[in-house]
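According to the working numbering, the stretch in the sequence shown is residues 2 to 665, in order. Ideal Cβ placement from N, Cα and C applies to all residues, glycine included. Keep in mind that this is a model prediction, so the values were computed, not measured.
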Amino acid sequence: MRVVLVLLWCVAVPALAAPHFDIAVRLEPEQGRLLAQAKIGLPAGERVDLRLDARHRVVEWLLDGAPVTTVVRAGSRRIVLKPSGHAREMWLRWTIEADPPDRTATHRDTLSAFAPQIGEAGSFLPAGGAWYPLPHDARGLLPHRYTLAVDVPVAQRALAPGQRVSDTVRDGRRDMRFEMAVDSEGADLMAGPWIEAQRTVRARDGRTLTLRTLFHPDIASLAEGYLDATATHLARIEAQLGDYPYRTFTIASSPTPTGFGMAGLTYLGTGVLRLPFIRNTSLPHEILHNWWGNGVYLSSDSGNWAEGLTTFMADYAQAEAQGEDAARAMRLDWLRSLSALAPLSQDSLANFASRTHDASQVIGYYKSALVFLMLRDRIGTAAFDEALRTFWRTHRHRRAGWNDLRRAFEATSSHDLTRFFAQWVDGAGLAQPRIAGATRTAAGLSLTLAQPAPPYELELPLRVRTDAAARDERVSLHTLRRAYLLAADGDCVDVALDPDFRLARRLAPAEAPPILREATLDASLGLAVLAGDDAHLADVARGLAGDWLDAPPPEVTDASAPGRDARLVIGSFARVDGWLMQHGLPARTVDGDAVAWAQRGPAGGTLALVAARDADALAAARRALPHYGRQGWVTFQGARATARGQWLATTLWRHVCVPAVTVN
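Below is the structure:
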């Protein structure tokens, strides 16, 4: 560390517009330890609040050469500096001790794990965990710039957002240096026993971009395929939005099932990277985050718009590229999940910050993506795409919120979108339009549409079908009830409301048979464990419920009949089959070592049923099963899902005919 310390003090502090950090660390994975020091340049200006995780031991902390006193509050060691008319400089040394990554962690565990992890299989120190002193002002985290020097064992490599400026090896250690020369939201530090592969590609503006994979040895053979896919996705997104904002993009593997995107990189679990579809699903999603979220930053006083926009432009775009059937299936999937949430549990997009559980993902990703779909349908693809290009040019490396997006879409479309954003972003819940009446008259199709209070301003897609042809119409509904007269040929007419699922609305029960998530997200959910005297099976069943659900549900007796409330039933094949027979419910139709399926109970409550050959079969499926909440059914052989699907959705047609004339 002595050499690094000298180098830190040799760096001249430029005139600062944002805080600048020069950080040097020595990572000792085998000991679970990190030794760190930093010089921090703070510009003249407003009050600054620096926060370091209080679990880390501070050796020395100086402000302009003099020791400072810190205060521990809410888990952070803090120094609050009053507004100053001159630049200030801090220097500190500290140490971090941490456990290695937990190989048994689930993906849900990683979403809220901000504590540092240090081990030979991998190390991860997220910026959000304040492994170094994060600067804040009255609005929240202050964007800042940094250099980061990382000293690791020669068998390891390190990674951080920003440009890698050097990589040298000496005396059994590797020294790697990174620089973030634009305002950023922090330095996430990763390391692992990675094998590196790289290639260069030409960016749209002529720059040379370096693409890298840093993979654990057991998946190193996947590198070329990921580099090919990265080059393809980058070129497509640049053509659509504008220049890629960084010089590199790196895919790094994690020993735990992470799925994180940072500036210029993504950090994905080794098990995730092995899945063949990830190159065309999660990968373009994470690349696009370099524009949305890691290129334009989230405003602290607005909800997280970036996840929904990224889902729409990456995940949904891939479905659209496959054809209308795939795109329609994804829209239906979103609406199934949204309709599974109880109305009172649905928060607004303005309040969505990040994904922490299933319900937050459904709102922040799926509803948000539907809002962007409805917006594109309303203003047209050309205006929509131009607004996003303008938004990118205007807000690159700056903070932006929903109102900034609204202004961009208004400017290119000449639409007043105030009401649209108010009801879909600031408002909670879903629209609930319905066909309240339909009559075939001599004049045409007399149609009445209705919705509950308070009314949405809706542009409703309709499909009118006769024996001869079908056509699509779009009508406005801004009140609780409105009558329409539509042209119609032939004696009989069928009419359907939003048959292609393009509106953020609550599905009617008959439209969408249940999915597993409909039960597990229901606040009324009760748990029935059908294990008899098999204590091991009962333990695994309760463990599965704990993994799957955001909060432990009350247990109900295995003999109680299902009612209007949701029920999660877990047990052996024999006991679950017997329970179904006891209550007059349809028999199980899926088979495997372990199976799960959703169905409606006789009183209307949604049932999620899980049955297994024995405790070991249930334990094998336990880790993967919570990931299949969007399915109507899934079967397992060991730990592998062998088949999955959704029960067939039905378009609700209203059939009307001209009344027959009786001749006397």
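*Where T257 and R275 are concerned, what is the direct C-alpha to C-alpha distance, given to the nearest angstrom?*
Working through the sequence shown from its first residue, we reach residue 257 at position 256. Working through the sequence shown from its first residue, we reach residue 275 at position 274. Looking at the two C-alpha atoms, the distance is approximately 13 angstroms.
*asked:* Helix, strand or coil, according to DSSP, for Y367 in the structure here?
replied: As a working mapping, residue 367 is identified with position 366 in the sequence shown. Three-state DSSP puts Y367 in a helix.
*Might you give, ordered along the chain, the residues of its own chain that have their beta carbon closer than 6 angstroms to the beta carbon of T467, omitting 5 neighbours on each side?*
Within the sequence shown, numbered from 1, the residue matching residue 467 stands at position 466. Answer for T467: D490, G491 and V494, listed in chain order.
*Assigned secondary structure, S573 (DSSP; H/G/I helix, E/B strand, else coil)*: Along the sequence shown, read from residue 1 onward, the residue named residue 573 stands at position 572. Judged by DSSP in its simplified three-state form, S573 adopts strand.
*Assuming L339 and L269 make a contact with CB atoms under 8 angstroms, what is their CB distance in whole Å?*
Your numbering for residue 339 matches position 338 in the sequence shown. Your numbering for residue 269 matches position 268 in the sequence shown. About 27 angstroms separates the beta carbons of L339 and L269, which is beyond the 8 angstroms limit, so they are not a contact pair.
*Given that a residue counts as buried once 16 or more other Cβ atoms are within 10 Å of its Cβ, and exposed if not, what is P127?*
Taking the sequence shown and counting its residues from 1, the one referred to as residue 127 is at position 126. Of the residues assessed, P127 falls on the buried side of the cut-off, its CB having 16 or more other CB atoms within 10 angstroms.
*asked:* For A650, tell me which candidate among H398, A625 and L333 has the shortest Cα-Cα distance.
replied: Locating residue 650 in the sequence shown gives position 649, where the first residue counts as 1. Taking A650 as reference, the option from H398, A625 and L333 with the minimal CA-CA separation is L333.
*Going by CA-CA distance only, name the one from G42, G120, L210 and R200 that's closest to A18.*
Within the sequence shown, the letter at position 17 stands for residue 18. Checked all of G42, G120, L210 and R200; the closest Cα to A18 is G42.
*Using a Cβ-Cβ cut-off of 6 angstroms (strictly less than) and excluding sequence neighbours within five positions of A595, which residues of its own chain qualify?*
Locating residue 595 in the sequence shown gives position 594, where the first residue counts as 1. Correct list, in chain order: A613, A618, L619, A622 and F637.
*asked:* One question on the structure: do L215 and R200 come within less than 8 angstroms of each other, judged by their Cβ atoms?
replied: Start at 1 with the first residue of the sequence shown, and residue 215 comes out as number 214. Start at 1 with the first residue of the sequence shown, and residue 200 comes out as number 199. It is not a contact, given that the beta carbons lie outside the stated cut-off.
*Should P102 and G120 be called a contact, given that it needs their Cβ atoms to be closer than 8 angstroms?*
The count along the sequence shown starts at 1 and reaches residue 102 at position 101. The count along the sequence shown starts at 1 and reaches residue 120 at position 119. A contact, by the Cβ cut-off of 8 angstroms.
*asked:* Please return the same chain residues whose Cβ sits closer than 6 angstroms to the Cβ of P488, not counting the five positions on each side in sequence.
replied: In the sequence shown, the residue the question calls residue 488 occupies position 487. Reading the sequence as shown, one finds Ala at residue 488 and not Pro. A distance below 6 angstroms between beta-carbons, with the five flanking residues on each side excluded, links A488 to the following residues of its chain, in chain order: G445.
_So for L6, helix, strand or coil by DSSP?_
Counting from one through the sequence shown, the residue named residue 6 turns up at place 5. Its pLDDT being 39, under 50, L6 is placed unreliably by the model, and nothing is read from it.
*When you compare only the Cα positions, how much space is there between S525 and R624?*
For the purposes of this step, residue 525 is taken as the residue at position 524 of the sequence shown. For the purposes of this step, residue 624 is taken as the residue at position 623 of the sequence shown. S525 and R624: Cα-Cα distance of roughly 24 angstroms.
_If I measure Cβ to Cβ from V4 and keep anything under 6 angstroms in the same chain, skipping five residues before and after, which residues do I get?_
As a first step, residue 4 is located in the sequence shown; it is residue number 3 there, counting from the start. Residue placement at V4 cannot be trusted, given a pLDDT of 35 that sits under 50; the coordinates are not used to answer.
_Reduced DSSP secondary structure (H/G/I, E/B, other) of G445_ = Position 444 of the sequence shown, counted from the start, is the residue given in the question as residue 445. For G445, the secondary structure class from DSSP, reduced to helix, strand or coil, is strand.
*Once you ignore the five residues that flank R329 on each side, which residues in its own chain have a CB closer than 7 angstroms to its CB?*
In the sequence shown, residue 329 corresponds to position 328, counting from 1. Excluding sequence neighbours, R329 sits near D501 and F502.
*With contact counted as at least three CB pairs below 8 angstroms, one residue from each stretch, are the region 91-100 and the region 242-258 in contact?*
No: the two stretches stay apart, fewer than three of their Cβ pairs being nearer than 8 angstroms.
_CA-to-CA distance, L82 to P510, given in whole angstroms_ = What you label residue 510 is simply residue 509 of the sequence shown in a count that begins at 1. What you label residue 82 is simply residue 81 of the sequence shown in a count that begins at 1. Between P510 and L82, the alpha-carbon positions lie close to 57 angstroms from each other.
*In its own chain, which residues sit with a C-beta less than 8 angstroms from the C-beta of M582, not counting the 5 before and 5 after it?*
As a first step, residue 582 is located in the sequence shown; it is residue number 581 there, counting from the start. So the list reads A588, once near-sequence residues are dropped.
*Cross-strand partners of I41 (DSSP beta bridge)*: Reading the sequence shown from its first residue, position 40 is the one you call residue 41. DSSP lists F22 and M91 as partners of I41.
*Do I80 and V73 come within 8 angstroms of each other at the CB atom, strictly closer than that value?*
Numbered from its first residue, the sequence shown carries residue 73 at position 72. Numbered from its first residue, the sequence shown carries residue 80 at position 79. I80 sits away from V73, with the two beta carbons spaced by 8 angstroms or more.
*One or two residues paired with P136 in a DSSP bridge*: If you number the sequence shown from 1, residue 136 lands on position 135. Partner residues in the beta bridge of P136, as assigned by DSSP, are L51.
*Specify the secondary structure class of T251 as computed by DSSP and reduced to three states.*
Translated into the one-based positions of the sequence shown, residue 251 becomes position 250. Per DSSP, reduced to three states, the secondary structure at T251 is strand.
*F261 bridges to which residues according to DSSP?*
Taking the sequence shown and counting its residues from 1, one reaches residue 261 at position 260. Looking at the DSSP output, F261 sits in a beta bridge with Y268.
*Under 8 angstroms by Cβ, that's how I've got V611 and A597 pegged, so tell me the actual separation to the nearest angstrom.*
Position 610 of the sequence shown, counted from the first residue, corresponds to residue 611. Position 596 of the sequence shown, counted from the first residue, corresponds to residue 597. Between V611 and A597 the beta-carbon gap is near 5 angstroms, inside 8 angstroms, which marks them as a contact.
*Smallest Cα separation from T558: which of A221, G572, F385 and L550?*
Counting from 1 along the sequence shown, the entry for residue 558 is found at position 557. Nearest in C-alpha terms to T558, of all of A221, G572, F385 and L550, is G572.
*For V12, is the classification buried or exposed, using 16 other Cβ atoms within 10 angstroms of its Cβ as the cut-off for buried?*
Here residue 12 refers to the residue found at position 11 of the sequence shown. Interpretation of V12 is limited by its pLDDT of 40, a score under 50 that renders its predicted location unreliable; no figure is taken from the coordinates.
_So, under 8 angstroms CB-CB, P194 and Q157 are touching, yes? Tell me the CB distance rounded to an integer number of Å._
The sequence position of residue 194 within the sequence shown is 193, counting from 1. The sequence position of residue 157 within the sequence shown is 156, counting from 1. With a Cβ gap of about 6 angstroms, P194 and Q157 count as contacting.
_Cβ neighbour criterion (16 or more within 10 Å) applied to S167_ = Counted from its first residue, the sequence shown places residue 167 at position 166. Around the beta carbon of S167, fewer than 16 other beta carbons sit within 10 angstroms, so the residue counts as exposed.
*Taking all protein chains shown into account, do 16 or more other C-beta atoms lie within 10 angstroms of the C-beta of A454, making it buried, or fewer, making it exposed?*
Within the sequence shown, residue 454 is the residue found at index 453, counting from 1. So A454 ends up on the exposed side.
*Residue range of the unbroken beta strand (DSSP E) whose run includes A642*: In the sequence shown, residue 642 corresponds to position 641, counting from 1. Per DSSP, A642 belongs to the beta strand (DSSP E) from R641 to G646.
*Apart from the five residues just before and just after A470, which ones in its own chain have a Cβ nearer than 6 angstroms to its Cβ?*
Here residue 470 refers to the residue found at position 469 when the sequence shown is read from its first residue. No residues qualify anywhere along the chain.
*Under the three-state reduction of DSSP, which class applies to T70: helix, strand or coil?*
For the purposes of this step, residue 70 is taken as residue 69 along the sequence shown, with counting starting at 1. T70 sits in coil when the DSSP states are folded into three classes, being neither helix nor strand.
*Quick one: using the 10 Å Cβ neighbour count with 16 as the cut-off for buried, is D1 buried or exposed?*
Absent from the structure is residue 1, since the part of the chain shown begins at 2 and ends at 665.
*Per DSSP, L35 forms a beta bridge with which residues?*
Here residue 35 refers to the residue found at position 34 when the sequence shown is read from its first residue. Under DSSP, L35 forms a beta bridge with L28 and I97.
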